[in-house]
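Structure record follows, encoded as C-alpha cells.
Number of protein chains: 2
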Amino acid sequence: MKVKKLLITGSVLLATFILASCGKSSSKGNYTTTGSSSGTYQGVIKGGRYRTSKARGVNTSQNNNQYNLKSFENGLTEVSKRVFSTKNYIFQEGQYLSSDTIESWLGRKSSSNPNGLNPKQGKKSNPNPEYIQQIEEQDYMTESGNSLKLKGMTIGIGINSEYRYQKKTDGPYYTKKISDSEVEQQGKIAAAKILKRLRQRKALKNIPIVIALYKQAPDDSLVGGTFFAYSNNKGKTVSSWTKLNYRNAVLPKASAETSENSGSSTDNDSFSNFKSQVQNFFPNLSGVTAQAQYHNGNLSGMHITITTQFYSQSEITSFTQYITRAAKRYLPHGIPIDIKIQSDSEMQAVVYRNSGSDNFQSHVFNSY
Amino acid sequence: MKVKKLLITGSVLLATFILASCGKSSSKGNYTTTGSSSGTYQGVIKGGRYRTSKARGVNTSQNNNQYNLKSFENGLTEVSKRVFSTKNYIFQEGQYLSSDTIESWLGRKSSSNPNGLNPKQGKKSNPNPEYIQQIEEQDYMTESGNSLKLKGMTIGIGINSEYRYQKKTDGPYYTKKISDSEVEQQGKIAAAKILKRLRQRKALKNIPIVIALYKQAPDDSLVGGTFFAYSNNKGKTVSSWTKLNYRNAVLPKASAETSENSGSSTDNDSFSNFKSQVQNFFPNLSGVTAQAQYHNGNLSGMHITITTQFYSQSEITSFTQYITRAAKRYLPHGIPIDIKIQSDSEMQAVVYRNSGSDNFQSHVFNSY
Numbered sequence: 001m002k003v004k005k006l007l008i009t010g011s012v013l014l015a016t017f018i019l020a021s022c023g024k025s026s027s028k029g030n031y032t033t034t035g036s037s038s039g040t041y042q043g044v045i046k047g048g049r050y051r052t053s054k055a056r057g058v059n060t061s062q063n064n065n066q067y068n069l070k071s072f073e074n075g076l077t078e079v080s081k082r083v084f085s086t087k088n089y090i091f092q093e094g095q096y097l098s099s100d101t102i103e104s105w106l107g108r109k110s111s112s113n114p115n116g117l118n119p120k121q122g123k124k125s126n127p128n129p130e131y132i133q134q135i136e137e138q139d140y141m142t143e144s145g146n147s148l149k150l151k152g153m154t155i156g157i158g159i160n161s162e163y164r165y166q167k168k169t170d171g172p173y174y175t176k177k178i179s180d181s182e183v184e185q186q187g188k189i190a191a192a193k194i195l196k197r198l199r200q201r202k203a204l205k206n207i208p209i210v211i212a213l214y215k216q217a218p219d220d221s222l223v224g225g226t227f228f229a230y231s232n233n234k235g236k237t238v239s240s241w242t243k244l245n246y247r248n249a250v251l252p253k254a255s256a257e258t259s260e261n262s263g264s265s266t267d268n269d270s271f272s273n274f275k276s277q278v279q280n281f282f283p284n285l286s287g288v289t290a291q292a293q294y295h296n297g298n299l300s301g302m303h304i305t306i307t308t309q310f311y312s313q314s315e316i317t318s319f320t321q322y323i324t325r326a327a328k329r330y331l332p333h334g335i336p337i338d339i340k341i342q343s344d345s346e347m348q349a350v351v352y353r354n355s356g357s358d359n360f361q362s363h364v365f366n367s368y
Numbered sequence: 369m370k371v372k373k374l375l376i377t378g379s380v381l382l383a384t385f386i387l388a389s390c391g392k393s394s395s396k397g398n399y400t401t402t403g404s405s406s407g408t409y410q411g412v413i414k415g416g417r418y419r420t421s422k423a424r425g426v427n428t429s430q431n432n433n434q435y436n437l438k439s440f441e442n443g444l445t446e447v448s449k450r451v452f453s454t455k456n457y458i459f460q461e462g463q464y465l466s467s468d469t470i471e472s473w474l475g476r477k478s479s480s481n482p483n484g485l486n487p488k489q490g491k492k493s494n495p496n497p498e499y500i501q502q503i504e505e506q507d508y509m510t511e512s513g514n515s516l517k518l519k520g521m522t523i524g525i526g527i528n529s530e531y532r533y534q535k536k537t538d539g540p541y542y543t544k545k546i547s548d549s550e551v552e553q554q555g556k557i558a559a560a561k562i563l564k565r566l567r568q569r570k571a572l573k574n575i576p577i578v579i580a581l582y583k584q585a586p587d588d589s590l591v592g593g594t595f596f597a598y599s600n601n602k603g604k605t606v607s608s609w610t611k612l613n614y615r616n617a618v619l620p621k622a623s624a625e626t627s628e629n630s631g632s633s634t635d636n637d638s639f640s641n642f643k644s645q646v647q648n649f650f651p652n653l654s655g656v657t658a659q660a661q662y663h664n665g666n667l668s669g670m671h672i673t674i675t676t677q678f679y680s681q682s683e684i685t686s687f688t689q690y691i692t693r694a695a696k697r698y699l700p701h702g703i704p705i706d707i708k709i710q711s712d713s714e715m716q717a718v719v720y721r722n723s724g725s726d727n728f729q730s731h732v733f734n735s736y
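Below, the structure written as C-alpha cells:
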C-alpha cells in the first residue's frame, strides 16, 4: 500500500511538474494562474475557471466614452506595478467590492443611499455635479503553501472633468467644467472615505491599499483620461500623495488646437512625416491617426490606426511590409507602438513594437 | 567643379546606402521595394508609390463570398512560390491585363464580346452555367542593372463549383452543381485560351507563365475554395498539369457533416479539446470556430476566431495569456496558427504562431 501511495504521489508530482513547466504557470491546490509574459501579472484561475470581478460589468455601463474605460483599467494596472512587482504578485480581479456596493458608492448621497460618494442633486436648474464616475478594485496575491493570500489592493477612482445635465427632461444639455483642482480635491475626499470603509473589513485591516486618482476625459474625447496621483496606505487614513504626470494626445494635431490635447511639436512632426510618407505610398488612404501618451513630458507610447480600402491580399501584404519599414524609419525610437491596419472597420494586419524592443513585428490576417 | 561633383555623387551614394541598409530593401533607379519578411515576396514601389494592379478591384466585385477572394489570392501566391523563389523574384501586381480585358474575358461569349470565356446563356429556363468567376495576374520581376525586368507571370483562374440563376426576374433562385471533373475541364479550356492570348503580346512571348486552377467555394461557405492544379508553361500551348491536393474545412465539425467540408477526426478532436478547455475557463464564451487547411491530407494551418464579451482590460489580458498557453498545449504542433480574440466584432487581441516556429506570440490591443 505504501508503495502504491508513493507511486501515486510521484505521478501527481510529475503531473504538477509538467503543468508547472508548461508556460510560467504554477498549480497550487485548487488554484492555477494564467501564465505571464514579461512585465505583466499572472491572473488567478480557480477550479479551471478565470476568477472574474465581484463587480463585473459595472464600469462598462459607467462610461459613455469607452476610451475612459480602457485607459482607466490599463492605467490602474500600471500604477499597481509601481508598488506590487509583477514577479512577486499575482493579479486577481476585485473580490471584495460587489456590484451593489460600487453602484451605491457611485450614486448620490441620500437617505436611501447614505454611502453615495456624490453630493445631493440640489436645484435641478443648477445641480451639483456628479464627481465620482467609476471605481475599480484590483487584488494582489502571493502564494503561501497551497493557497493564495491577499497581500495588497489597488483602488482606482475616476473623477469627472465635465458634468453634463439637463434642466428639464427632453431639454437641452448643459455642461459644467470641473477644474483640475476640484477634480483633485473631490478625488481625495472620496479616497479618504473609501479607505476608511475598506479598513472596517477584517480581511483588509492590515494589507497595503493603494489608491489612485484618475481624471476622466470628456465624453467626446478621442483618447481617455489619465491618472494624476496615488497613495500607498498602510494605516487607516490616507498617507501622502505621489503626483503622476501623464498626458494623452491625439495626432495629428489640429492646427487650431490648444496644447492641452495635442502632442509636442517634434512628435507631431515625426508622426506627420510618417503619415505623409504612407499617404504618398498608397492610393486613397482614408485615415492615419494616433493616440499618444506622454509621461513626465516625454512620449511614452503610441496607438496608431490606418484605415484604407484594400483591393487584394497582395496589397495588404505589401502595405504591411512597407509600414513595418516606415515605422522603424520615421516613428520615435525606444517606445512601444502598435499600428492597426484596417479596412471596412475590419482589422487586416497589425504591426507592433513591444516595450524595450527595437524591431517591429507584423502579422497579416489571412483566410482559407 | 570636379570636386563638387564628386561630393554630390558621394552624398547620393551615401543616401542610397542608408536607404538600402534600412530593411531588406533596395533602390534601383526609380524603383524601390516594400522590403520582405522571410518567405514573402518584396513588392514594387515606383516613384514612392505602390504599384497597384491594372485590374484593381475587379475580383472584389466578382465574389459574393469574400472568403473566395482571400483564399484565391493567398493560394495563388503560394503556387507562385513553387516556381518563382521569394529570394530571387520581386512581386508586382498585374500590369498587363487591364480591368476592361479581365471583365470582357469573365463575360459570356457574344457577338459584342467575342473574348468572353463563359458560354452563351442559352435557354433562360435552363441556362448554361457561368464557369469562370475570377482571373488574377501576378508579375514576377528580377533586378537588372537600374531597372526591374519581367521574368515570369502567374495567372489564377477561379472556376465555379455551383451556378445560381433565376428563370425569371424576381423569381426563385435555382442552383446547378458543377462536378469536379467539369470544373477541371472548364478550367483547362480557359487556361489554353488565356495562354494563347498572352503569348500574342510582345512582352509575354518568352517568359514562363504559370497557370493555376482554383475551385470556388459555394456562396454560403464559411471557408474559401482551393487550388487543384497548375502548369508552368514555356511555350504557346499548355504543358502538363501538376495536381495540387488542398482541402479546407470548418471546425468544429457539425455532427451530421460529410467528410467533404470537415476536418479529420483527430484534428477535430484536438480542436474540440481546446474549445472545451477555453469554454470552461471563461464565462459566457459565445464562439470558438476555426478554418483549417489540409495539404496532401495533413493539417497545414488554422485560423481560429474566439468571440466573447469582455468586461475589462484585465479580463482581456488574462484571457490572452491563457489562450497562449492553451494553444501551445492543445493545438496541433508545427503548423502556422492564428487566433483572433474579439468582442462586439472588434478585435481585442491576437495570438499567433508563424510557420516554422514553436512558440506563440501575442498582442493585446490597448487604448490610452
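Protein chains in written order, with our numbering: chain A, 1 to 368; chain B, 369 to 736.
Backbone N, C-alpha and C fix where the C-beta goes; we use that ideal spot for every residue, glycine too.
Predicted model only: the values in this text are computed from it and were never measured.
Contact under 8 Å by Cβ, residue i with residue j
i               : j               : result
P620 of chain B : S640 of chain B : yes
P487 of chain B : N496 of chain B : yes
F274 of chain A : L222 of chain A : no
K438 of chain B : S367 of chain A : yes
A349 of chain A : I304 of chain A : no
F281 of chain A : R417 of chain B : yes
A585 of chain B : Y435 of chain B : yes
V372 of chain A : F310 of chain A : This structure does not reach residue 372 of chain A, given that chain A is present from 1 up to 368, and the question cannot be answered.
G669 of chain B : I707 of chain B : no
Those residues which DSSP pairs with residue i across a bridge
i               : result
I157 of chain A : A:I135 and A:L213
R247 of chain A : A:Y294
Q729 of chain B : B:Y720
R532 of chain B : B:T543
H333 of chain A : Answer is none; H333 of chain A lacks a bridge partner.
N113 of chain A : Answer is none; N113 of chain A lacks a bridge partner.
N496 of chain B : DSSP lists no partner for N496 of chain B.
D706 of chain B : B:H671 and B:Y720
L97 of chain A  : Answer is none; L97 of chain A lacks a bridge partner.
R476 of chain B : B:N486
G520 of chain B : B:Y508
Beta-carbon contacts of residue i that lie in its chain and below 8 Å, excluding the five residues immediately before and after
i               : result
C22 of chain A  : Caution applies to C22 of chain A, whose pLDDT of 35 falls short of 50 and renders its modelled position unreliable; the value that the coordinates give is listed next. Correct list: empty, nothing qualifies.
L516 of chain B : K396, Y399, V412, I458, Q460, M509 and T510
S239 of chain A : S231, N232 and N233
Y174 of chain A : R164, Y165, Q166 and K167
S393 of chain B : Its pLDDT being 47, under 50, S393 of chain B is placed unreliably in this model, and the value from its coordinates should be taken loosely. Cβ neighbours of S393 of chain B beyond the five flanking positions: L387, T400, T401, T402, G403 and Q410.
A256 of chain A : Only weak support exists for where A256 of chain A lies, its pLDDT of 49 falling under 50; the value from the coordinates is given anyway. Contacts found: none.
Close Cβ partners of residue i (< 7 Å) along its chain, the five nearest in sequence each way excluded
i               : result
K602 of chain B : P576
K193 of chain A : L117
G724 of chain B : none
S110 of chain A : G116 and K120
Listed by chain order, chain B residues near residue i by CB distance under 9 Å
i               : result
H303 of chain A : F733, N734, S735 and Y736
K340 of chain A : M715 and F733
V350 of chain A : M715, V718, H731 and F733
Same chain, Cβ closer than 6 Å to residue i, five either side skipped, listed in chain order
i               : result
G555 of chain B : I525, I527 and L581
S53 of chain A  : E93 and G94
A190 of chain A : L117, I132 and I157
G520 of chain B : F452, Y508, I575 and P576
S730 of chain B : T688, T692 and V719
E184 of chain A : none
Any non-hydrogen atom of the ligand SAM within 7 Å of residue i CB
i               : result
V183 of chain A : The model on display carries no ligand, and the ligand SAM is accordingly not part of it.
Within chain A, the residues that residue i reaches when beta carbons sit closer than 8 Å
i               : result
Y457 of chain B : Ordered by position in chain A, no residue passes the 8 Å Cβ test against Y457 of chain B, which lies about 13 Å from the chain.
G702 of chain B : The contacting residues do not exist; G702 of chain B stays about 17 Å from chain A at best.
D468 of chain B : Correct list: empty, because the minimum Cβ distance to chain A is about 16 Å.
P651 of chain B : R49, Y50 and T52
Y435 of chain B : S367 and Y368
Partners in chain A for residue i, counting only beta-carbon separations shorter than 9 Å
i               : result
V591 of chain B : S367 and Y368
I523 of chain B : Correct list: empty, because the minimum Cβ distance to chain A is about 14 Å.
Per-residue contacts from residue i into chain A (C-beta, under 7 Å)
i               : result
M715 of chain B : M347
Chain-ordered neighbours of residue i on chain B, where CB pairs are closer than 8 Å
i               : result
Q291 of chain A : S735 and Y736
Q321 of chain A : T402, G403, S404, S405, T408, Q410 and G411
Runs of alpha helix (DSSP H) lying entirely within the segment 548-609 of chain B, each at least 4 residues, in chain order: 548-567
Whole alpha helix (DSSP H) elements within the segment 33-104 of chain A, 4-residue minimum: 58-62 and 66-83
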